[in-house]
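Only one structure is covered here, and it is reproduced in the block below.
Residue numbers (our numbering), protein chains in the order written: chain A, 1 to 424; chain B, 1001 to 1424.
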């Protein structure tokens, strides 16, 4: 075994230690752990510790291995995100959901695209349309996992606000991945656009062959078998979508969506260990590319514009859509603030943009800061709205229709519970 | 992301699928799963599917990444092996233990060294003494984890035979790693022998600083913290021992040994998921180096000699030592057969020998077959001895001394239980 193995192992340990320590500190100050984990990634990059120390700690010959581990970590994370996407959320759906979800995605998307071709033109690297669409994608994200975690921490999962924002976030999540897939297909950075045609048989195979097959296996397999089948299947489909020319995240997420429902809790809690070990690598790989050391006043102005458009576009559109579909002011405001959290999902999308050349390193750095700011602002604003601890009188409405009586069963799947880890 | 990422992911899935399928088949025919997993590794190599297909499935540019994943998998496995080494086994010790354990290690070790310098001279690659000592190490192994699994499957953990063989196997395990460390230090393949001096402060630091620190952390940390601390610490100490010039397995194992006792069950069950995903990679990396395609009649004769010496040396010495210290014939025979299982521990030691050049690829291949044969023979011979299902009248002796009354608490730590996975 060679020195790179030693370096990679020590890097992995350093990464785990930094991510979990800062994640723990973030929780201590009332923030979701993902804030600390993203911060740990930025800390590993050149911004704070400098180019020299950063490249001594994470030398060039260790980076391919770290990238591989980060890829596996993200694939596992996306698989869990797919598992968490519980279709039963929608059965308790209110009429606000389609309107609020569409507004929550499309308005920031449109505003983001406009900002791209007006304020951010100097960052454009390739085709103008692709660039604008990608920035739109980046601003429209909502992080479903971190949202679920915030709701759980504040005991809001079973309230109207909790159910509504979970359902909207799930729809926004699906929209986000579909639109990103379309943008990537348009830009076809893979260089083999014909392969994209294979998506059609792949989706058909997954739904009509793989899904029933998984159902059979889940009837005879024990917990270990299901974990191995889950992780193995997610990595396999991830590799196939990557080869097709999409990103590996799509396959892993899709495999989570078709995974047998009844086996999800056990598999999720098992797979979270894998995620706790491998996912921190992703934050660091993502953070190593963040370089804010050369930020000038123009860039600060651009950052302010990006954050303002992202926050106002998301919060304003959701609040208006909620009000127009009959929600009262405070619940509408709460849902709007909740859907503004971007967390890890944003980081995954930004990394895709960076590696496929849709954005450059400087805009990438600004957008990472935007993700950090919007995610960190959710908890304080909720506190200002008086939703810091447990459901208030306003939020725990009882005028929900009778078919919501089965909601007591939802949180077992929807909320992350006391399971191992919750990245967003 | 590049094509190697796709290849590595698909390889990882292929490896997991093969190892778990063959492991499951092995269980169906009454064998420990590790038999199937080793077979899956050999299947991936050139012996059965040929050099061409083997190098198409596992191309050269994917191998470094697979090696890295296998290293992490083995480090995690050794950490679990260290966790499982429960010192309380020895508190119920009978007077047979020191004699039986010494015989179980030293006799096969001496016989193996003799065989090396008589029958196997044509395989000698470097220094004659180092070669002889390493072959001795290879023949003297007992696989503690697979032994625990076999005892559990046959409901023998709480019997005299179970307790005695577990205690002896644990001692043999420690002896095996210490002797291997000495042999590696003698051969100093790392090229920096002065670093070995650092072992002394490292051991001191681990026992007097790290161990109390872990005790503190375990009082405040939750399950996830302990898993992260466990895996992170194991990988860190593994990297340090690797850098020092020993193999990374020693550090991971030692960290498992000093890990706080009360947190072991939770950490073990969590870490087994990691092991289920990453360890199959080790079997394949180990199996890829096995090439039996050019075996001639001389080699078959040598293989028979190796297996005969390994089996007779182990079984004969343990039986005699047991009888001389007052055991009755059938229990003595049962313990002897049990200690002859070699499993994954053997594969780890053989890989160390191969990568450090102590043995070449051809002898390595023969010794892997020896490991497979001795491990596979344990269950059938036990069945012949009438110990297939549950303790027989002979084995469940009640004439044990009074201080064994607390033995009811031992299996909770000593037996692998229904936890996720049990490689040996």
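In this text, a Cβ means the ideal position worked out from N, Cα and C, and glycines have one as well.
Residue i (DSSP reduced to helix, strand or coil)
i: residue 1265 of chain B; result: helix
i: residue 222 of chain A; result: coil
i: residue 272 of chain A; result: helix
i: residue 11 of chain A; result: helix
i: residue 1052 of chain B; result: helix
i: residue 240 of chain A; result: helix
i: residue 4 of chain A; result: helix
i: residue 295 of chain A; result: coil
i: residue 1247 of chain B; result: coil
i: residue 30 of chain A; result: coil
i: residue 1136 of chain B; result: helix
i: residue 17 of chain A; result: helix
i: residue 1345 of chain B; result: helix
i: residue 1362 of chain B; result: helix
i: residue 379 of chain A; result: helix
i: residue 1112 of chain B; result: helix
i: residue 1143 of chain B; result: coil
i: residue 1212 of chain B; result: helix
i: residue 58 of chain A; result: coil
i: residue 47 of chain A; result: helix
i: residue 1329 of chain B; result: helix
i: residue 1121 of chain B; result: helix
i: residue 1126 of chain B; result: coil
i: residue 1289 of chain B; result: coil
i: residue 1085 of chain B; result: coil
i: residue 1079 of chain B; result: helix
i: residue 1426 of chain B; result: The question about residue 1426 of chain B has no answer here: the residues shown for chain B are numbered 1001 through 1424.
Contacts that residue i makes with chain B (C-beta to C-beta distance below 7 angstroms)
i: residue 270 of chain A; result: 1273
i: residue 276 of chain A; result: 1224, 1227 and 1228
i: residue 231 of chain A; result: 1277
i: residue 235 of chain A; result: 1009, 1012 and 1013
Residue environment, residue i, which counts as buried when at least 16 other CB atoms sit within 10 Å
i: residue 1029 of chain B; result: exposed
i: residue 1209 of chain B; result: exposed
i: residue 359 of chain A; result: buried
i: residue 402 of chain A; result: No answer about residue 402 of chain A holds up, because its pLDDT of 36 lies below 50 and its placement is not dependable.
i: residue 1213 of chain B; result: exposed
i: residue 384 of chain A; result: exposed
i: residue 1386 of chain B; result: exposed
i: residue 329 of chain A; result: exposed
i: residue 296 of chain A; result: exposed
i: residue 1219 of chain B; result: exposed
i: residue 372 of chain A; result: buried
i: residue 1051 of chain B; result: exposed
i: residue 340 of chain A; result: buried
i: residue 1127 of chain B; result: exposed
i: residue 1308 of chain B; result: exposed
i: residue 1041 of chain B; result: buried
i: residue 1011 of chain B; result: buried
i: residue 304 of chain A; result: exposed
Neighbour list for residue i in chain A, Cβ cutoff strictly below 9 angstroms
i: residue 1041 of chain B; result: None at all; the shortest Cβ gap to chain A is about 16 angstroms.
Per-residue contacts from residue i into chain B (C-beta, under 9 angstroms)
i: residue 296 of chain A; result: Those within 9 angstroms of residue 296 of chain A in chain B number zero; the least Cβ separation is about 32 angstroms.
Listed by chain order, chain A residues near residue i by CB distance under 8 angstroms
i: residue 1242 of chain B; result: 1, 5, 6 and 9
i: residue 1376 of chain B; result: Within 8 angstroms Cβ-Cβ: nothing; residue 1376 of chain B doesn't reach chain A, min ~22 angstroms.
i: residue 1238 of chain B; result: 9
(request) Kindly confirm or deny that the stretch 1258 to 1276 of chain B and the stretch 256 to 266 of chain A touch, where touching means at least three C-beta pairs closer than 8 angstroms. (result) no
(request) Would you list, in chain order, the members of the stretch 1115 to 1127 of chain B that have their beta-carbon closer than 9 angstroms to a beta-carbon of chain A? (result) none
(request) Output, in sequence order along the chain, the residues in the stretch 1198 to 1225 of chain B whose CB is closer than 8 angstroms to any CB in chain A. (result) 1223, 1224 and 1225
(message) What are the residues in the stretch 1013 to 1032 of chain B lying within 7 angstroms of chain A by C-beta distance?
(response) 1013, 1016, 1017 and 1020
(request) With 7 angstroms as the C-beta to C-beta threshold (strictly closer), list the residues of the stretch 1049 to 1082 of chain B near chain A in chain order. (result) 1065, 1068 and 1071
(request) Could you list the residues in the stretch 1281 to 1293 of chain B with a C-beta less than 9 angstroms from some C-beta on chain E, going in chain order? (result) The structure shown has no chain E; the protein chains it does contain are A and B.
(message) Is it the case that the stretch 1280 to 1288 of chain B contacts the stretch 1061 to 1070 of chain B, given that we only count it when at least three CB pairs across the two stretches are under 8 angstroms?
(response) yes
(message) Whether or not the stretch 105 to 113 of chain A and the stretch 123 to 142 of chain A are in contact is what I'm after, with contact meaning three or more pairs of Cβ atoms, one per stretch, closer than 8 angstroms; do they touch?
(response) yes
(message) Taking 8 angstroms as the cut-off, does the stretch 319 to 328 of chain A touch the stretch 97 to 105 of chain A (at least 3 CB pairs, one atom from each stretch)?
(response) yes
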